[in-house]
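A.B. asks: Submitted below is the structure of interest, expressed as structure tokens.
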Amino acid sequence: INAEYGQNNSVFVYGCDFSPTAIDIVQSHDMYDTERCSAFVCDISAENLNIPVEENSLDVITMIFVLSALNPDNMARCIANLVRYLKPGGHILFRDYGRYDLAQLRFKNGRCLSDNFYARGDGTKVYFFTQEEVDKLFCDAGLEKVQNIVDRRLQVNRARKLKMYRVWIQCKYMKPYLSV
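Okay, structure coming up:
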């Protein structure tokens, strides 16, 4: 925050994670400043989401490899929860795994829980999206599409002589302004 917005005192950042350990790491950092940010533990897919943020107050919500970690049955509720806190004209920035990403193709037999939803060896879960699925989730929550693209990249590890084909979905959705 300080490097980019150090002179702009109006910027305040909220951050949440399901993991108390992740929040402890953030809060213990030397640059963590409660005057500029608030990090808290939260399950954003909970039925009765209650967070220390006023509804209709956030300009931007980032969801970077967040939704894929949830059970598909909870994804729509998660987005609806977040939309409550987004102000009209505010944006959700989304980036997550796309269908047929290398990570999906590497899963061994027995790891698939349901269509395109897998269990990793460490017990965490991951879902692989199509553009259409993401668009339906966000539009059904009342948001308007600004951008929805597939980012396909070839990453090369020259030392190990590996080619890795990555697929991500990257989107921007906006909460509509209230009609008069």
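To convert, count from 1 in the sequence shown and add 9; that's the numbering used here.
Even for Gly, the Cβ is constructed at its ideal location relative to N, Cα and C.
1) To which residues does DSSP link F49 through a beta bridge?
2) Can you round the beta-carbon distance between I88 and A150 to whole angstroms, since I take them to be within the 8 Å contact cut?
3) Can you tell me where the beta strand (DSSP E) holding D105 begins and where it ends?
4) Below 8 Å between beta carbons: does that hold for V135 and C180?
5) Contact defined as beta carbons within less than 8 Å: I believe V155 pairs with H100. What is the distance between those atoms, to the nearest angstrom?
6) Give me, in chain order, the residues of the same chain whose beta-carbon lies closer than 7 Å to that of V92; leave out the 5 immediate sequence neighbours on both sides.
7) With 16 as the cutoff for other CB atoms within 10 Å, does V28 come out buried or exposed?
8) Would you identify the three-state DSSP class for V189, choosing helix, strand or coil?
9) So for D160, helix, strand or coil by DSSP?
10) Where do the N-terminal and C-terminal ends of the alpha helix (DSSP H) with K145 fall, by residue?
C.D. replies: By the coordinates alone:
1) Stepping through the sequence shown from its first residue, residue 49 is reached at position 40. Bridge partners of F49: C25.
2) Numbered from 1 along the sequence shown, position 79 holds the residue referred to as residue 88. Numbered from 1 along the sequence shown, position 141 holds the residue referred to as residue 150. That pair is a contact at about 4 Å.
3) Position 96 of the sequence shown, counting from 1, holds the residue named residue 105. Note, D105: beta strand (DSSP E), 95–106.
4) On the sequence shown, position 126 is the one that residue 135 refers to. On the sequence shown, position 171 is the one that residue 180 refers to. Contact: no.
5) Numbered from 1 along the sequence shown, position 146 holds the residue referred to as residue 155. Numbered from 1 along the sequence shown, position 91 holds the residue referred to as residue 100. The Cβ separation is near 7 Å, so the contact holds.
6) Taking the first residue of the sequence shown as 1, we reach residue 92 at position 83. Excluding sequence neighbours, V92 sits near A150, G151, L152, K184.
7) As a first step, residue 28 is located in the sequence shown; it is residue number 19 there, counting from the start. According to the sequence as given, residue 28 is Ser; it is not Val. Label assigned to S28: exposed.
8) By 1-based counting over the sequence shown, the position of residue 189 is 180. Per-residue confidence for V189 stands at a pLDDT of 49, beneath the threshold of 50, marking its modelled position as unreliable; no derived number is given.
9) Taking the sequence shown and counting its residues from 1, the one referred to as residue 160 is at position 151. Correct three-state label for D160: strand.
10) Counting from 1 along the sequence shown, the entry for residue 145 is found at position 136. Here the alpha helix (DSSP H) through K145 covers 140–149.
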